[in-house]
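Enquirer: Could you have a look at this structure, given as structure tokens, before my questions?
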Amino acid sequence: MHKIPDILIIDDEPLMRISISDALKVEGYNVMSAETGGEGLKSIKNNSYDVVITDLRLPEVDGVQILKSCKQISPRTKVLMITAYGSVDTAVEAMKIGAYDYITKPFSMDEFILTVKRLIALRDLEDENIYLKEKIEERYEFSGIIGKSDKMKDIFEKIEIIAPTDTTVLITGESGTGKELVANAIHYNSPRKNEAFIKVSCAALPETLLEAELFGHERGAFTGALKQKKGRFELAHKGTLFLDEIGEINQTVQVKLLRVLQGREFERLGGTSTINVDVRIIGATQRDLKKEVQKGSFREDLYYRLNVVPVHLPALRDRKEDILLLTEHFLNMYSKHMNKPMRGISIEAREFILKYDYPGNIRELENAVKRALTLSRDKEIQPWDLPEDMCTICREGSKVGERLSYSEPLPTAMSLFEKQYVSKVLEETKGNKTLASKLLGISRKTLWEKCKLYGLLKKEEIVEDNTAE
Ligand SMILES: Nc1ncnc2c1ncn2[C@@H]1O[C@H](COP(=O)(O)OP(=O)(O)OP(=O)(O)O)[C@@H](O)[C@H]1O
Ligand SMILES: [Mg+2]
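In our numbering, each residue carries its 1-based index in the sequence shown increased by 227.
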């Protein structure tokens, strides 16, 4: 999917330069090297690197100067600093200017390769984000509704067709799938857009109040009706009335509603004169109204009057292609609201976000992103910022420890814990060692060694050459 990354190494120590260059070449990267800062800068000007790895202390042009110039010449190139023990303060300063990370000498090659791999993955992710943003601007959005799945595209198309008409619409779908958002989109894309858009939540009001709320009442119609009051139907005249949770209304209101739907006329409670209104009606419900009809709790005639054009919103788990697009959307939106700039979502966190099945649909995803953003101390969202339901490993991790007997010596207990933890993570990642090693924060080789030590390798893996990857 992605091109082979180009990496530049700037280091005046030949041994260091050659050993890291060789290690990166083994990983399959295109590697160039420069001995001095001046030579390095020249190379940055003439080439387009994904990653520049530079020693902080160099004669003439030093690492910080390289970083500054690189930010200007090639802002999307990621810079990794190599520092000697004792110059960490300068490295931290460099990170403030925009270095991605620093690594302190002496370091293990495993640690170094893992850092570079994360950096490359971040580059890919950024490219993908830019692509996603462009797509949102293109057509993955309709009146604030985000989606790129075929199912959502069909819905955009349907809204475009029905919005200009006066037809009654029934929107169905599980909680949090965007029913209200779609109702809004229909109204604001209709010729009624400059008139009222009135919403009634049918479940929120007691039955008697709902009737008065919808149709209004005359003075003295019931105890407490001190003044005449217009109902929502009248208030919505020439506009749109959105009857949310319409599956909850009782038989009396159903009869009255049927009459309005048939002739757009009704009387206020306690009134005798008939009132005519010009109102477009949109209903929404989480219930399967057809089943309610079969059960006898919803009038069949009313159902057909309402269900002139059905719009069914699929559950988020049935349109997984939309998950990351929506996540990015909410992340951009809330990081602006909270004034907390974020680089994005870590690869590990994305795995969990994609794997989860969202019983609360988009609202649940939205809340998860909001929460993760609030909790996040990193530059990107990490698995541990996600709610427990979503991040099973974070939860299982503590359970693993709970199974220990607390009677072993500490080193044994630690090994036992490590074994259980590693095998749980491998189970969760379905044996994907690359992902598991990332989640565990160790190199793939170290993971392989631990698996071997704890007898977690499958037969075929024991003969496999672990240096292959
Ligand atoms: N496709 C979407 N794109 C962007 N935001 C969405 C999308 N769908 C839903 N949302 C957001 O998710 C939240 C829930 O949406 P909404 O209130 O429309 O759902 P609902 O189906 O009416 O839920 P309920 O049945 O619980 O009332 C809102 O904040 C909404 O903005
Ligand atoms: Mg709703």
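By construction, the Cβ of each residue, glycine as well, lies at the ideal position given by its N, Cα and C atoms.
1. Applying the criterion that 16 or more other CB atoms from any shown protein chain within 10 Å of the CB defines a buried residue, is Ser335 buried or exposed?
2. What is the C-beta distance between Ile330 and Thr342, in whole angstroms, given that I count them as a contact (C-beta under 8 Å)?
3. Between Asp605 and Ile388, what straight-line distance do the alpha-carbon atoms span, to the nearest angstrom?
4. Which residues mark the beginning and the end of the alpha helix (DSSP H) in which Met243 is found?
5. Which class does Asp545 belong to by DSSP, given the choice of helix, strand or coil?
6. Specify which residues have a beta carbon nearer than 7 Å to any heavy atom of ligand 2, listing them in chain order.
7. List the DSSP bridge partners of Val396.
8. First and last residue of the alpha helix (DSSP H) that includes Tyr415?
9. Check whether the segment 559–569 and the segment 421–428 touch, using three or more Cβ-Cβ pairs below 8 Å as the test.
10. Assuming Ala663 and Val652 form a contact by the criterion Cβ under 8 Å, report the distance between their Cβ atoms to the nearest whole angstrom.
11. How far does the beta strand (DSSP E) with Asp282 in it reach, from first residue to last?
12. Is any heavy atom in ligand 1 found nearer than 7 Å to the beta carbon of Glu593?
13. Helix, strand or coil for Ile476, going by three-state DSSP, please let me know.
14. Taking Glu494 as part of the beta strand (DSSP E), name the residues at either end of that continuous run.
15. Where do the N-terminal and C-terminal ends of the beta strand (DSSP E) with Ser428 fall, by residue?
16. For Pro586, tell me which candidate among Phe369, Met617, Phe557 has the shortest Cα-Cα distance.
17. Is Arg590 near ligand 1 - that is, is its Cβ less than 7 Å away from at least one heavy atom of it?
18. Whole angstroms are fine: how far does the CA of Arg514 sit from the CA of Val520?
19. From the DSSP output, which residues share a beta bridge with Leu468?
20. Closest to Phe383 by CA distance: which of Thr392, Ser370, Thr394, Val315 is it?
21. Please report the distance separating the alpha-carbon of Leu268 from that of Ser260.
22. Taking its Cβ as the centre, do 16 or more other Cβ atoms sit within 10 Å of Ile245, making it buried, or is it exposed?
23. Considering only heavy atoms of ligand 1, does any lie closer than 7 Å to the CB of Ser402?
24. Classify Asn588: buried if its beta carbon has 16 or more other beta carbons within 10 angstroms, exposed otherwise.
25. Please work out which residues of its chain come closer than 6 Å, Cβ to Cβ, to Gly624, disregarding the five sequence neighbours upstream and downstream, and give them in chain order.
26. Using a 10 Å radius around the Cβ and a threshold of 16 neighbouring Cβ atoms, would you call Lys677 buried or exposed?
27. Measuring CA to CA, which of Arg446, Glu578, Leu453 is closest to Thr499?
28. Have a look at Asp584, Leu581, Leu543, Asn594 and flag the residue whose alpha-carbon is nearest the alpha-carbon of Met560.
Expert: According to the structure shown:
1. The residue you call residue 335 lines up with position 108 of the sequence shown. The residue in question, Ser335, is exposed, as its Cβ has fewer than 16 Cβ neighbours within 10 Å.
2. As a working mapping, residue 330 is identified with position 103 in the sequence shown. As a working mapping, residue 342 is identified with position 115 in the sequence shown. About 6 Å; that satisfies the 8 Å criterion.
3. Along the sequence shown, one-based indexing puts residue 605 at 378. Along the sequence shown, one-based indexing puts residue 388 at 161. Going by the C-alpha atoms only, they are around 45 Å apart.
4. Along the sequence shown, one-based indexing puts residue 243 at 16. Segment 241–253, the alpha helix (DSSP H) holding Met243.
5. On the sequence shown, position 318 is the one that residue 545 refers to. Looking at Asp545 - three-state DSSP - the assignment turns out to be helix.
6. Residues with a Cβ closer than 7 Å to any heavy atom of ligand 2, in chain order: Lys406, Glu407, Asp471, Ala511.
7. Stepping through the sequence shown from its first residue, residue 396 is reached at position 169. Paired residues: Ile509, Val536.
8. In the sequence shown, residue 415 corresponds to position 188, counting from 1. Start and end: 406–415.
9. No, they do not touch.
10. Translated into positions along the sequence shown, residue 663 becomes position 436. Translated into positions along the sequence shown, residue 652 becomes position 425. Their Cβ separation, rounded to whole angstroms, is 5 Å, which keeps Ala663 and Val652 in contact under 8 Å.
11. Working through the sequence shown from its first residue, we reach residue 282 at position 55. From DSSP, the beta strand (DSSP E) with Asp282 extends over 278–282.
12. Counting from 1 along the sequence shown, the entry for residue 593 is found at position 366. The answer is yes for Glu593.
13. Locating residue 476 in the sequence shown gives position 249, where the first residue counts as 1. Three-state DSSP puts Ile476 in coil, outside helix and strand.
14. Counting from 1 along the sequence shown, the entry for residue 494 is found at position 267. Element bounds for Glu494: 492–494.
15. The sequence position of residue 428 within the sequence shown is 201, counting from 1. In the DSSP annotation of this structure, the continuous segment of the beta strand (DSSP E) that includes Ser428 starts and ends at 424–428.
16. Walking along the sequence shown from the start, residue 586 turns up at place 359. Among Phe369, Met617, Phe557, the Cα nearest to that of Pro586 belongs to Met617.
17. Here residue 590 is taken as the residue at index 363 of the sequence shown, counted from 1. Because some heavy atom of ligand 1 lies under 7 Å away, the Cβ of Arg590 counts as near it: yes.
18. The residue labelled residue 520 in the question sits at position 293 within the sequence shown. The residue labelled residue 514 in the question sits at position 287 within the sequence shown. Taking the straight line from one Cα to the other gives about 11 Å.
19. Against the sequence shown, residue 468 aligns to sequence position 241. According to DSSP, which records beta bridges pairwise, Leu468 is partnered with Ile425, Ile508.
20. Indexing the sequence shown from 1 puts residue 383 at position 156. Taking only the C-alpha atoms, the option nearest Phe383 is Ser370.
21. Along the sequence shown, read from residue 1 onward, the residue named residue 268 stands at position 41. Along the sequence shown, read from residue 1 onward, the residue named residue 260 stands at position 33. Looking at the two C-alpha atoms, the distance is approximately 11 Å.
22. For the purposes of this step, residue 245 is taken as residue 18 along the sequence shown, with counting starting at 1. By the 10 Å Cβ count, Ile245 comes out exposed.
23. Taking the sequence shown and counting its residues from 1, one reaches residue 402 at position 175. True, at least one ligand heavy atom lies under 7 Å from that Cβ.
24. Here the question's residue 588 lines up with position 361 in the sequence shown. So Asn588 ends up on the buried side.
25. The residue labelled residue 624 in the question sits at position 397 within the sequence shown. For Gly624, the pLDDT reaches just 47, beneath the cut-off of 50, and the residue's location in the model is therefore unreliable, leaving the point undetermined.
26. Position 450 of the sequence shown, counting from 1, holds the residue named residue 677. It is buried - the Cβ of Lys677 has at least 16 other Cβ atoms within 10 Å.
27. Position 272 of the sequence shown, counted from the first residue, corresponds to residue 499. With distances taken between Cα atoms, Thr499 lies closest to Arg446.
28. Here the question's residue 560 lines up with position 333 in the sequence shown. Met560 has its Cα closest to that of Asn594, out of Asp584, Leu581, Leu543, Asn594.
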